[in-house]
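J.: Next up is a structure, given as structure tokens.
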Amino acid sequence: MTQLHPQRLLKIAQFELVRLFLTKRGLLAVAAFSICWLLILRYPIGQAVSLINSPQIADFAQQVFGAIGLSKLLDWPEAELAMYWLIALYSFPSFCLFLCSDQLVGDKQRGTLRFLSLRATRNEMLFGRFLGQVFILAALLLVTLVASVAVMVFRDPALLASGISRSFVLFFYLLIAVLPFIALMTLLNTFARSARLAVVLAVLFFAGGNIVVSILSWQIPVLVMLDYVFPGIQLDQMAGQNAGIFNSIGIPLIQTTVMLAIAQRIFARSSL
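Under the working numbering, the first residue of the sequence shown is numbered 35, with each subsequent residue one higher.
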């Protein structure tokens, strides 16, 4: 693998932040994201305590959460963070498929990748764009998490210390969980012809791929291991705090590494 120059790598990653937060198209995406999360903060997160403690809902929540393995979340004193954990764990990976859909294909269509290749290697362009998307998701996670903690502290200031401590843990696991989804879009960007096609291919990968694996594993049970090809296989266990270290961290990191390695091989041989 070609040696990566840290300074060029960071500049390419910073460009992704500029493209999102300082361009009209990027700001529209941020505005849409902000509106969605304001509604989430106002209702499911802001009303988390009243919903969980409501006599009409409490028994139902205990039965349902227990049945799907989420009963541990009901014991959190930081009810807002429990609700945030569930929403963020499933929404951010899906959001990645759209947010990270244009890492390379846009520049490939405009012909600017050839210009960039004069100033950076292909590996730096590939991994720099991936790193930039990681920075963006980390920033969005941090902002939404801080907002959720603020909602919680407004209700009960005594939860500030425990809320901050738990927030660091949630942030770490959420960031690890989205890495393979970003890497998947990096991989699809190496051969997709447009950002829209990359999203379509991602949807087909999850929908069609799961159907194929289900049929194959029905015929040959050992092939159920192919489920680990799909990012997010561990999310259900993570949601209920039932996943071990390997499931929560090891599987996403392995998936990310494999996808980036495949993307590097394809991009190194593709035309710009």
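For glycine and all other residues, C-beta sits at the position ideal for the given N, C-alpha and C.
1) Who are the Cβ neighbours of Phe55 in its own chain at under 8 Å, not counting the five residues just before and after it?
2) Would you call the stretch 225-239 in contact with the stretch 148-167, where contact means no fewer than 3 C-beta pairs closer than 8 Å?
3) In whole angstroms, what is the alpha-carbon distance linking Phe132 and Thr291?
4) Just verifying my parser: in three-state terms, what is the DSSP assignment at Thr290?
5) Please determine, among Phe169, Asp270 and Ile288, the residue with the shortest C-alpha to C-alpha distance to Val263.
6) Measure the C-alpha to C-alpha separation of Arg59 and Pro255 and round it to an integer number of angstroms.
7) If we count the other Cβ atoms within 10 Å of its Cβ and call it buried at 16 or more, is Val203 buried or exposed?
8) If contact is defined by three or more beta carbon pairs under 8 Å, each pair taking one atom from either stretch, is the stretch 178-185 in contact with the stretch 109-127?
9) Given that a residue counts as buried once 16 or more other Cβ atoms are within 10 Å of its Cβ, and exposed if not, what is Gln167?
10) Alpha carbon to alpha carbon, how far is Ala217 from Phe126? Give it in angstroms, no decimals.
11) Within its chain, find whatever has a CB closer than 6 Å to the CB of Leu147; leave out the 5 residues flanking it on each side and keep chain order.
12) So, under 8 Å CB-CB, Leu208 and Ala122 are touching, yes? Tell me the CB distance rounded to an integer number of Å.
13) How many angstroms separate the CA atom of Gln310 from the CA atom of Ala232?
14) For a quick check, are the C-beta atoms of Asn281 and Gln268 less than 8 Å apart?
15) Please state whether the Cβ-Cβ distance between Leu43 and Gly162 is less than 8 Å.
16) Once you ignore the five residues that flank Leu176 on each side, which residues in its own chain have a CB closer than 8 Å to its CB?
T.: On the basis of the supplied data:
1) Leu61 and Val64
2) no
3) 21 Å
4) helix
5) Ile288
6) 47 Å
7) exposed
8) yes
9) buried
10) 14 Å
11) Asp141 and Leu306
12) 6 Å
13) The structure shown does not extend to residue 310, since the chain is modelled only from 35 to 306, so the question has no answer here.
14) yes
15) yes
16) Phe205
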